[in-house]
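See below for the structure under consideration.
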Amino acid sequence: MLNSRGPRSLDLGAIRWLMPYFGRARGAWALAAVATVIASVTEPLVPAMLKPLLDRGFQQDSIPLWMVPASLPARALLVTATGLLEFIGAVGLLVPQARPAAAYGLMALLVAMFPANVHAARQRLAIAGRGAMPVVWRLPLQVFWIAALWWVRSSTPSL
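When you read off a place in the sequence shown, starting at 1, and then add 79, the result is the number in our numbering.
Quick look at the structure:
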């Protein structure tokens, strides 16, 4: 809506009028609006990210088994299992009754997978054409994700 002050000024009266309907979940609605904007802006990147996969297809050695230390048995099974556990954990975070267990499981998975990240960094392995993240950066990132999961495990949505 435009007001009488000119074509460049926006009338926020409509937004103020709607605020009581959001109740206590204003922060959640604002977060949803920001997430929607981010998703809309990044959506054109999805085809660009999928193009190499679609052009070259799934290849025999396309699973990053090199990231798992060679001393571990059944490396392909480990990569598959961790991927499934990550997916199950992510879905579990969406279910309020399963949220604490999912958060604890994902925290354990982050700790269990950290040696593979250290191995990739020490060996200077390439991931998607770029070098693995150095341990100096990876460790604080792991701590951040564990702290975020610790916070999420006990949070209740205000929606």
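We treat Cβ as the ideally placed atom computed from N, Cα and C, and that holds for glycine.
According to the neighbour-count rule (16 or more other Cβ atoms, all chains shown, within 10 Å of its Cβ), is residue i buried or exposed?
i    : result
M98  : exposed
G92  : exposed
A118 : exposed
A195 : buried
R178 : buried
Excluding the five sequence neighbours on either side, which residues of its own chain have a C-beta within less than 8 Å of the C-beta of residue i, listed in chain order?
i    : result
F101 : W108
L110 : none
Would you grab the beta carbon distance between residue i and residue j for me? Rounded to a whole angstrom, and I think it's under 8 Å.
i    : j    : result
P148 : H198 : 5 Å
A200 : M192 : Actually they do not touch by this definition, with Cβ atoms about 13 Å apart.
L189 : I225 : 6 Å
R203 : G210 : 6 Å
L151 : L157 : 6 Å
Between which two residues does the alpha helix (DSSP H) carrying residue i extend?
i    : result
A191 : 178 to 201
V113 : 105 to 121
M98  : 92 to 101
V174 : Segment: none, V174 is in no alpha helix (DSSP H) and carries neither H nor E.
P219 : 214 to 233
Identify, in the order they occur along the chain, each residue of the same chain with its Cβ nearer than 7 Å to the Cβ of residue i, setting aside the five sequence neighbours on each side.
i    : result
L228 : A182, L185, M186
A180 : G171
Once you ignore the five residues that flank residue i on each side, which residues in its own chain have a CB closer than 6 Å to its CB?
i    : result
V239 : Since the first residue shown for the chain is 80 and the last is 238, residue 239 is missing from the structure and cannot be characterised.
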